[in-house]
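Everything on this sheet refers to the single structure shown next.
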Amino acid sequence: MAHSVWERVEEDVFVLRDSCLVYAVGGPGGTVLVNAGTGLAAEHLGAVADSKNVTVLLTHHFRDHTDGAIRLAGAGATVLGPYWEKDYLIDPEQHFRERQIWNSYDNRWDRFSPVRPLPVTDWMMDYETRSIAGLEWEVVPTPGASQGAVSYVVTVNGRRLAFVGETVCGTGRTGRLAPLQYNYNDFTGAVNLWRSAGRILDAKPDRLLPSMGETAEDPPEAITDLKRNLRRLDEIQPGLRHELWEPDADDIEEVLPHLFRSKYANAQTHFVVSESGKVLSIDYGYNTLAYASPGKQHLSNRRPFLHGIRGLKRRFGVDRIDTVLVSHFHDDHVNGIPMLQRVFGSEVWAGENFAGLLEDPPRYDRPCLWHEPARVERRLPLASPFEWEGIPITLHPMSGHTRFSTLICMEVDGVRVAHTGDQIFFRETDAAYGPEARPFTNHVYKNGLDIGCYRETVGYLQSFRPELVLTGHTLPYRPDDAWYGKIESVAAAFDDVHLDLMSLSEDEVHFGAESQGGKLKPYQAHAPQGGTVRFEGWILNPFPAEKQARLALVGPEGWESENVAVDLGPREQVDIRIEITPPEGTVCRRQPVGLDLTVGDRPFGQVAEALVTVGCPRF
Numbered sequence: 000m001a002h003s004v005w006e007r008v009e010e011d012v013f014v015l016r017d018s019c020l021v022y023a024v025g026g027p028g029g030t031v032l033v034n035a036g037t038g039l040a041a042e043h044l045g046a047v048a049d050s051k052n053v054t055v056l057l058t059h060h061f062r063d064h065t066d067g068a069i070r071l072a073g074a075g076a077t078v079l080g081p082y083w084e085k086d087y088l089i090d091p092e093q094h095f096r097e098r099q100i101w102n103s104y105d106n107r108w109d110r111f112s113p114v115r116p117l118p119v120t121d122w123m124m125d126y127e128t129r130s131i132a133g134l135e136w137e138v139v140p141t142p143g144a145s146q147g148a149v150s151y152v153v154t155v156n157g158r159r160l161a162f163v164g165e166t167v168c169g170t171g172r173t174g175r176l177a178p179l180q181y182n183y184n185d186f187t188g189a190v191n192l193w194r195s196a197g198r199i200l201d202a203k204p205d206r207l208l209p210s211m212g213e214t215a216e217d218p219p220e221a222i223t224d225l226k227r228n229l230r231r232l233d234e235i236q237p238g239l240r241h242e243l244w245e246p247d248a249d250d251i252e253e254v255l256p257h258l259f260r261s262k263y264a265n266a267q268t269h270f271v272v273s274e275s276g277k278v279l280s281i282d283y284g285y286n287t288l289a290y291a292s293p294g295k296q297h298l299s300n301r302r303p304f305l306h307g308i309r310g311l312k313r314r315f316g317v318d319r320i321d322t323v324l325v326s327h328f329h330d331d332h333v334n335g336i337p338m339l340q341r342v343f344g345s346e347v348w349a350g351e352n353f354a355g356l357l358e359d360p361p362r363y364d365r366p367c368l369w370h371e372p373a374r375v376e377r378r379l380p381l382a383s384p385f386e387w388e389g390i391p392i393t394l395h396p397m398s399g400h401t402r403f404s405t406l407i408c409m410e411v412d413g414v415r416v417a418h419t420g421d422q423i424f425f426r427e428t429d430a431a432y433g434p435e436a437r438p439f440t441n442h443v444y445k446n447g448l449d450i451g452c453y454r455e456t457v458g459y460l461q462s463f464r465p466e467l468v469l470t471g472h473t474l475p476y477r478p479d480d481a482w483y484g485k486i487e488s489v490a491a492a493f494d495d496v497h498l499d500l501m502s503l504s505e506d507e508v509h510f511g512a513e514s515q516g517g518k519l520k521p522y523q524a525h526a527p528q529g530g531t532v533r534f535e536g537w538i539l540n541p542f543p544a545e546k547q548a549r550l551a552l553v554g555p556e557g558w559e560s561e562n563v564a565v566d567l568g569p570r571e572q573v574d575i576r577i578e579i580t581p582p583e584g585t586v587c588r589r590q591p592v593g594l595d596l597t598v599g600d601r602p603f604g605q606v607a608e609a610l611v612t613v614g615c616p617r618f
């Protein structure tokens, strides 16, 4: 029988009223607590837990829901948290160190995170089903009060129960409105709440069990009323109503009979469907419909959600993506791929020129780099034809927007199709090419580029002569002679502008248009036990003649660097290895070290840097 502090809400389900509602769910293999409150439950575990197998599931990071996890872990419980709240839960020092204080217009409730690290031992991943205490717990992504929040759906004694945190707190209500104001005077979080409520309803629960407020015995009614009340925010925030709408049941649209695009992807996601029912996705980033973001670029702002699956199932009866072919490494094109690998076991195919950035992101310093590694099953050689389900494909190197990308040329439904990633765009009022469209190069120096890079891409396109051009952010183009004329002109202008504005001639000293003299790998170097830190990387000879380069690493006082000499040919880029040793007993987090470069008799200073963490368990 339950202790008096616990109230029975279902057979084998009890609630304790702490700083939030803490639920205890009994299963054949132990007990699960949903949220921790202040940890009051630690004093009363014996009343609801028949064994020592106790697990705490956290729905979001707010400290009135989480701080008690420390007490509960001390009482023997295992603590699991939502993956997208990771930084707040286990590394509050770093979070508060990085959090903007002065002149902040960022109103997220991330200051309501724990002020001390929580003993979370593992992470609950979106869309996974995990067996805990002999019960199957489904993870439903439900951003709203926080960007990384989740709900848990579990069947207990034949009843589907949804533990929804503060998403739906009684019929028509949510927990509090203040956390929904992500930015200075908006209700961005309300858009997320709207969409999360629909995701809960899709899970077909019999009852909603919130962490604040009252339970909901009729989930459809509770959520319908919540959406009606959310629309009322338009009365005080004009324009919000237009953001609160339902997606199409069919979330893909046809480009060709076997080629489709996602309606709701931030970066365009295209699906090729084979005659056998296999699906090839070209890129897979985050879903604009699923999520509205605050202004600050926290990782959780780019949380991926499944998209395109409903449409594929509706049209073809398939509910998985078999293979992902990647155009380039940027987060808006790839951040959903680790999720696909977890949910469907999807294979990843990528050009050999950037597969490493997908598999080991901490080694690199490039913009838009996604933090989750993606397993690459096939590293595809460039300019070498291959097939997927009988469809011929060839990849070509492509530099401009980024050096780490490929031009994808294939034939679908008898049509020559080229995918140009983010390389070729036109500025105009709509998303498709028109007579008044002006091309722009969309180049990003930190992504890597060279003079002549756009001319090279144009050359490949002229050789392949696609009938349809897919891009990373526009509707498809149907190229004609005028289209080619425009991209040829902007490719020539790219070279001319740089040659006019920079000293890039063959007889001058320079590091090219990218202006980068070297790089260090790993960019994020972690030595938890201390000792020597070793780097690889590259340096570039800025001279049109043979020279010797001298290298050293520059760190805090007392750090000892190896000195390296390297012979370089004219304009040659060569790989390097170099190391630095901090003093014994050093403890630091993300300490910068610089790569000092002298070529011939000319010093160029610290042309690259890396971050080093020593003596700490986390980078």
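So the sequence shown is residues 0 to 618, counted in numbering that gives the first Met the number 0. Idealized CB from N, CA, C, for every residue including glycine.
Checking the DSSP bridge columns, you'll see H525 partnered with T612.
By the CB criterion at 8 Å, K277 and D321 fall inside the cutoff. L200 is not a Cβ neighbour of I235, given a cutoff of 8 Å. For M397, DSSP records a beta bridge to S404. DSSP, read as helix, strand or coil, puts Q236 in coil. Assignment of Q422 by DSSP, reduced to helix, strand and coil, places it in the coil class. Of the other Cβ atoms in all chains shown, 16 or more fall within 10 Å of the Cβ of C408; this residue is therefore buried.
A straight line joining the alpha-carbon of E376 with that of Y363 spans about 20 Å. Shortest Cα-Cα distance from V443 to any of R464, Q515 and I392 involves Q515. Check the Cα spacing between E535 and each of L552, R454 and S398: the tightest is with L552. In this structure, V152 keeps its C-beta atom at 8 Å or more from the C-beta atom of L134. According to DSSP, residue pairing for Y476 in a beta bridge involves V468.
Comparing C-alpha distances from P582 to each of G530, R231 and N102 shows the shortest one belongs to G530. The Cβ atoms of P118 and A72 lie closer than 8 Å to each other.
Contact check for K546 against G604 fails: the beta carbons are separated by 8 Å or more. Within the model, the alpha-carbon separation for Q180 versus A144 is close to 9 Å. Here T120 is exposed, its C-beta having fewer than 16 other C-beta atoms within 10 Å. If you draw a straight line from the Cα of V149 to the Cα of I131, it comes to about 16 Å.
In the DSSP assignment, H332 falls within the alpha helix (DSSP H) that extends over D330 to V333. E358: member of the alpha helix (DSSP H) spanning A354 to E358, first to last residue. Under the criterion of beta carbons closer than 8 Å, V342 and Y126 qualify as touching, at roughly 5 Å. If you compare the alpha carbons of M397, H395, G399 and W387 with that of V411, the shortest gap goes to W387.
Counting along the chain, N191 sits inside the alpha helix (DSSP H) bounded by residues T187 to D201. Here DSSP, grouped into helix, strand and coil, assigns M211 to coil.
If you draw a straight line from the Cα of Q590 to the Cα of L596, it is about 20 Å long. Contact annotation: E556 and E578 have beta-carbon atoms that are not nearer than 8 Å. The three-state reading of DSSP puts P256 in coil, since its state is none of H, G, I, E or B. DSSP lists V33 and L79 as the beta-bridge partner residues of L56. L298 is the residue among P91, K518, L298 and F259 whose C-alpha sits nearest the C-alpha of C367.
V114 is classed as exposed because its beta carbon has fewer than 16 other beta carbons within 10 Å across all chains shown. In this structure the segment 236-244 does not touch the segment 348-356; the number of beta carbon pairs closer than 8 Å is below three. DSSP, reduced to helix, strand and coil, places N106 outside both helices and strands of the structure shown, so it counts as coil. Bridge partners of M123 according to DSSP: P81.
Close CB contacts of P204 within its chain, under the 7 Å cut and outside five residues either way in sequence, are with V152, R159, L160, A161 and P218 (chain order). Under DSSP, P602 takes part in a beta bridge, and its partners are T597.
A Cβ-Cβ distance of about 21 Å is found for the pair V272 and F304, leaving them out of contact under the 8 Å criterion.
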